[in-house]
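K.L.:
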Amino acid sequence: MGDVEEFVEEAGLYFERLGLSRTSGRAIGWLLASSDGTADASELGGRLGVAKSSMSVALRQLEGAGLIVRFRPPQERRDRYRLEEDVFARAFRAKMSEFDAFSALAQRGLRAVGDSPGPRRRLELMRDMYGFMAREFPKLLDRWDQERESRQSP
Numbered sequence: 742m743g744d745v746e747e748f749v750e751e752a753g754l755y756f757e758r759l760g761l762s763r764t765s766g767r768a769i770g771w772l773l774a775s776s777d778g779t780a781d782a783s784e785l786g787g788r789l790g791v792a793k794s795s796m797s798v799a800l801r802q803l804e805g806a807g808l809i810v811r812f813r814p815p816q817e818r819r820d821r822y823r824l825e826e827d828v829f830a831r832a833f834r835a836k837m838s839e840f841d842a843f844s845a846l847a848q849r850g851l852r853a854v855g856d857s858p859g860p861r862r863r864l865e866l867m868r869d870m871y872g873f874m875a876r877e878f879p880k881l882l883d884r885w886d887q888e889r890e891s892r893q894s895p
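Start counting the sequence shown at 742; every next residue gets the next number (the working numbering).
Structure below.
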């Protein structure tokens, strides 16, 4: 197995741990590592050694999550796929809504445990950490946007 294939497999495992299917993760890995960053479904399925149906499910998952874009070049008969521009910052922004959900879960837990000191301490820490992330993470992503824009300037 070559370096690119190893990277693609590692990407599959990594993104699987984050909740995507392994095939979806491998597709992301391939699109990251391929020379032009695009592929059609058949090409991806062939490169990854997966069935057409599995590839179709993975591409729908990635497109639905806003991680890839489907497009058709002029005078071509097949749709192609590429990663969404700045895909990882977009993914982080989408996940930020979960910070509020975790804070709300901690609040429900605090109501449930009443005055019990051990559980309260753990739940308060959970609530406060996710509250901190909800306040600070957008600032970090704004700084990333500035950094990315400065990289693109001549």
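All C-beta atoms in this analysis are idealised placements derived from N, C-alpha and C, irrespective of residue type, glycine included.
Short check: CB of Glu804 to CB of Arg813, under 8 Å?
P.N.:
no
K.L.:
Going by DSSP, name the residue or residues bridged to Phe812.
P.N.:
Arg821
K.L.:
On a CA-only basis, which of Arg758, Val745, Ala792 and Leu754 is nearest Leu772? Give me that one, please.
P.N.:
Val745
K.L.:
For Ala847, does the count of other Cβ atoms within 10 angstroms reach 16, so buried, or fall short, so exposed?
P.N.:
Of the residues assessed, Ala847 falls on the buried side of the cut-off, its CB having 16 or more other CB atoms within 10 angstroms.
K.L.:
Determine contact between the segment 854-864 and the segment 812-832, defined as no fewer than three beta-carbon pairs at a distance below 8 Å.
P.N.:
no
K.L.:
Can you tell me whether Asp869 is buried or exposed, with buried defined as 16 or more other CB within 10 angstroms of its CB?
P.N.:
With fewer than 16 Cβ atoms within 10 Å of its Cβ, Asp869 is classed as exposed.
K.L.:
What does DSSP give as the partner residue(s) for Thr779 in the beta ladder?
P.N.:
Arg823
K.L.:
Can you tell me whether Leu759 is helix, strand or coil according to DSSP?
P.N.:
coil
K.L.:
Suppose contacts are defined by Cβ-Cβ distances below 8 Å. Is Asp827 in contact with Ala875 by that definition?
P.N.:
no
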